[in-house]
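Below: one structure, written as structure tokens.
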Amino acid sequence: VELEERIPASWIKQNNNPLAFNYQVKDDVVSFTTDAEISENEIIIDPTPNLVYATYFGGEGLDYFYDAEYDEFGALLIAGSTGSNENIATMGAYQSQLNGISNSLLLKFNTSDILEWCTYYGGESDDASFGIELIDGGLFLSGFTFSTTGVATEGAFQSSLQGFNAGFISNFTSNGELLKATYYGNGNDIFLDLKISSNGFLVACGSSQSETLPFSENGFQLQNGGLVDGLITGFDSGLNPIFSTFIGGSDLDAFASLSVDSFGNIYLGGTTKSLNLDVTPNAIQSTYMGSGDVLLVRCDSDFSINFISYYGSSEDESRCRITTTSEGLLVFFTATSSSLYVSSQAEQQTILGLTDVYMCQISNELDVVFGGYIGGNESEYLDHVLLFEDHIYLLGATSSTSGIASTQAPFDFMHVNPESGNLDIFIMKLNNNYMKEWGTYFGDYSFDLGAKLLIKDDELTLVGSTRDTSNLEEELQAPFSTQGAYQSEHYGGLEDGFIARFDAVTGVREYDSTDIEWSIFPNPSPSQINLQL
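Structure representation (structure tokens):
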């Protein structure tokens with residue numbers, strides 16, 4: 009069988025000069041060949057990801073994907089929110105109808121991209137799930153609710169809504185049945201991220217306008233310090249709080265990102281506008297510097313807080329996202345227009361547009377050991393960062409027309425319709441020295457937002473939300489779904505969730521093809537082939 013493959017995009021890394029590479033076959037081994045002189049250069053050969061699967065998901069209303077996880081069997085579980093009455097719940101779902109303006113959304117796709125189940129979750133008002141975590145076959149959700157019904161279960165730690173809105177934690181089975189759920193908070197509370205601690209507790213973070221917390225006997229800060237404070241709460245498997253505290257000063261403070269390192273330390277990243285934070289003596293920066301600084305906190309596995317610090321400059325630092333390396337080093341990323349610390353080895357040393365993504369690595373001793381920027385000629389915002397096998401994958405939104413995509417843009421997606429002000433998703437892969445290996449746009453002519461990156465079986469999975477394009481000119485309405493998609497186009501609502509997968513980890517997928525029937529399509533093809541096993 010003869011297979012056709014496009015000529016690989018290749019270039020010199022140091023100066024982006026393109027090179028002419030081709031394939032050669034010898035003794036049934038396919039390799040690369042070139043006449044170029046490459047011995048003194050670092051060469052990039054066709055590293056860009058290919059889109060292998062993409063689908064929309066949604067109904068006639070507003071549908072959003074906010075978080076996702078793979079279970080131990082490879083099924084994809086997604087949390088979000090929906091305002092759609094149609095095309096959502098599956099037969100036999102825990103909650104088969106939309107109860108309010110919008111409800112939380114929870115669904116599961118199996119390894120064959122078949123929807124196993126999907127359920128609403130919520131009451132008569134607005135509800136949304138922003139965090140999802142899996143433990144021992146069960147799954148946990150965190151988010152916020154304005155509903156007085158349809159959320160908490162019998163015997164919950166907090167069985168009723170106390171205040172305008174509250175955070176919630178819920179426990180579902182792997183089949184989508186609700187086991188336990190509780191409200192948390194008594195004055196405009198929200199959980200934005202959820203992680204599992206090293207000793208098996210659930211840790212949720214977000215913000216609160218409560219004056220005091222329902223459980224804070226061992227808290228670091230027992231009273232709300234201002235307008236809005238950051239909120240940290242630990243729960244046991246029965247959804248009973250074991251720790252809760254405010255972190256904040258007299259203005260606005262909030263957490264949006266959590267990470268647990270290999271030593272059990274819990275890191276939190278957020279934003280502060282308070283001048284009077286109770287920073288610790290080991291703070292990297294002890295004073296407030298601008299119109300919004302990054303807020304960094306660390307506590308041990310027993311929730312003893314040992315580090316609170318500002319980080320920022322004269323302008324606003326926002327959309328802080330954090331993670332930790334296998335060595336336990338804190339690495340955080342944020343969108344900024346500020347001049348911050350930059351290392352001499354940083355690939356991009358200055359801001360190129362209105363806002364760029366800023367990368368910062370902090371050691372276990374809480375010293376800044378690296379700083380640098382990533383961005384293009386307009387604005388970048390970061391939504392998620394993923395570490396995998398000494399590589400860093402960034403997911404965000406951009407309005408830039410340069411500085412994002414690699415020399416040869418992956419799967420022919422460029423930033424589209426920049427005059428409209430719409431944002432495209434960007435994905436970047438960096439090595440462990442924060443050097444860009446490749447970058448790509450992803451999206452259509454509408455407004456696109458990414459929420460989460462995951463890696464499984466050498467494939468990179470992206471979940472997010474995208475706006476309907478039916479109001480645009482006909483030539484701008486082409487969907488980005490692939491053959492075999494669960495839902496090939498927008499159902500009719502303004503926003504739909506989406507799932508996209510790329511062969512972006514190794515670029516190669518291996519199959520044991522013994523006695524397997526397979527076909528090639530399309531045939532002939534000018535650019536791309538598909539192998540169907």
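Just so it is clear: in the sequence shown, position 156 is 164 by this note's numbering, and no numbers are missing.
A virtual CB, placed ideally from N, CA and C, is assigned to each residue, including glycine.
(1) Under the DSSP definition of a beta bridge, which residues are partnered with F209?
(2) Ignoring anything shorter than 3 residues, give me the beta strand (DSSP E) runs that lie fully in the region 129-175, in order along the chain.
(3) Using only the alpha-carbon positions, how far apart do Q166 and L147 sit?
(4) If you draw a straight line from the alpha carbon of V211 to that of F223, how long is it in whole angstroms?
(5) I'd like to know whether the C-beta atoms of Y319 and V302 end up nearer to each other than 8 Å.
(6) Cα-Cα, which of V377, R329, G361, L362 is closest to S352?
(7) Between E503 and D71, how many whole angstroms is the CB-CB distance? I'm expecting something under 8 Å.
(8) My output table needs one value for E80: the three-state DSSP class, helix, strand or coil.
(9) What is the DSSP secondary structure of E482, reduced to helix, strand or coil?
(10) Can you round the beta-carbon distance between G257 and G233 to whole angstroms, since I take them to be within the 8 Å contact cut?
(11) Between the Cα of T253 and those of D259, L260, S218, spot the shortest distance and give me the residue it belongs to.
(12) Can you tell which of Y191, T409, A28 has the C-alpha that lies nearest to the C-alpha of F243?
(13) Please return the same chain residues whose Cβ sits closer than 6 Å to the Cβ of D465, not counting the five positions on each side in sequence.
(14) Can you find a C-beta in chain D that's less than 8 Å from the C-beta of V393?
(15) Report the rounded CA-to-CA distance for P418 versus T288, giving the unit in angstroms.
(16) On a CA-only basis, which of S267, S215, S182, G171 is nearest K203? Give me that one, please.
(17) What first and last residue would you give for the beta strand (DSSP E) that runs through H399?
(18) Is there contact between the region 456-476 and the region 27-36, where contact requires at least three CB pairs shorter than 8 Å?
(19) Should T332 be counted as a contact of the ligand ATP given a C-beta to heavy atom distance under 7 Å?
(20) Could you pull the start and end residues of the beta strand (DSSP E) that F488 belongs to?
(21) For P86 and L59, which I take to be in contact (beta-carbon distance under 8 Å), what is that distance rounded to the nearest angstrom?
(22) For P249, list the residues DSSP reports as bridge partners.
(23) Rounding to the nearest angstrom, what Cα-Cα distance links A189 and A262 in this structure?
(24) Can you grab the Cα-Cα spacing for the pair T41 / I359, in whole Å?
(25) Secondary structure at D35, three-state DSSP: helix, strand or coil?
(26) Is it right to say M422 is buried, meaning 16 or more other beta carbons lie within 10 angstroms of its own, or is it exposed?
(27) Do you know whose CA, among L260, L304, S321, lies nearest F315's CA?
(28) Rounded to the nearest angstrom, what separates T342 and V37 at their Cα positions?
(29) Using DSSP with H/G/I as helix, E/B as strand and the rest coil, what is P26?
(30) According to the neighbour-count rule (16 or more other Cβ atoms, all chains shown, within 10 Å of its Cβ), is N93 buried or exposed?
(31) Please look up how many angstroms separate the CB atoms of F506 and A62, rounded, as I've assumed it's under 8 Å.
(32) With a Cβ-Cβ cutoff of 8 Å, do L584 and S205 count as a contact?
(33) Who pairs with H392 in a beta bridge, going by DSSP?
(34) Name the residue from L285, S155, R329 whose alpha carbon lies nearest to the alpha carbon of N196.
(35) Looking only at its own chain, which residues have a Cβ that is under 7 Å from the Cβ of P532, when we skip the five neighbours before and after it?
Here's the rundown:
(1) Beta-bridge pairing links F209 to no other residue.
(2) Counting only runs of 3 or more, we get 135-143, 146-153.
(3) Near 20 Å, if we compare the C-alpha coordinates of L147 and Q166.
(4) Between V211 and F223, the C-alpha separation is close to 14 Å.
(5) Yes, the pair counts as a contact, with Cβ atoms nearer than the cut-off.
(6) Selection V377, R329, G361, L362 evaluated against S352 yields V377 as nearest (Cα-Cα).
(7) At roughly 6 Å, the Cβ-Cβ gap stays under 8 Å, so E503 and D71 are in contact.
(8) In this structure, DSSP gives E80 a state outside helix and strand, which the three-state scheme calls coil.
(9) When secondary structure is reduced to three states using DSSP, E482 falls in the helix class.
(10) For G257 against G233, the beta-carbon gap comes to about 5 Å, under 8 Å, which counts as contact.
(11) Closest by C-alpha distance to T253, out of D259, L260, S218, is S218.
(12) Considering only alpha carbons, the answer is Y191.
(13) Non-local beta-carbon contacts of D465 in its own chain, meaning distances under 6 Å to residues more than five positions away in sequence, are absent.
(14) As a matter of chain content, chain D is missing from the structure shown, which is built from one protein chain.
(15) Below a pLDDT of 50, predicted positions are generally treated as unreliable, and P418, at 41, falls in that range; the measurement from the model is reported next regardless. C-alpha separation (whole angstroms): 45 Å.
(16) Nearest of S267, S215, S182, G171 to K203, Cα basis: S267.
(17) Looking at the DSSP string, the run of the beta strand (DSSP E) that includes H399 is 399-406.
(18) These segments do not touch.
(19) Of ligands this structure carries none, so the ligand ATP is not represented either.
(20) F488 -> no beta strand (DSSP E), and no H or E assigned at all.
(21) What sits at residue 86 in the sequence shown is Ile, not Pro. Cβ atoms of I86 and L59 stay farther apart than 8 Å, at about 19 Å.
(22) According to DSSP, P249 bridges with F243.
(23) If I take the Cα positions, the gap works out to 23 Å.
(24) Their Cα atoms are separated by approximately 38 Å.
(25) Here D35 sits in coil by DSSP.
(26) Any reading at M422 must be qualified, since the residue scores a pLDDT of 43, below 50, and its modelled position is unreliable; the value itself is stated next. By the neighbour-count criterion, in which a residue is buried when 16 or more other Cβ atoms sit within 10 angstroms of its Cβ, M422 is exposed.
(27) For F315, the nearest C-alpha among the options comes from L304.
(28) So the alpha carbons of these two residues sit roughly 44 Å apart.
(29) It is a strand residue.
(30) It counts as exposed.
(31) Beta-carbon to beta-carbon, F506 and A62 are separated by about 7 Å, close enough to satisfy the 8 Å threshold.
(32) Since the first and last residues shown for the chain are 9 and 541, residue 584 lies out of range.
(33) DSSP lists L403 as the bridge partner or partners of H392.
(34) Looking at the Cα atoms, S155 is the closest of the given residues.
(35) Counting only Cβ-Cβ distances below 7 Å, and skipping sequence neighbours, we find nothing.
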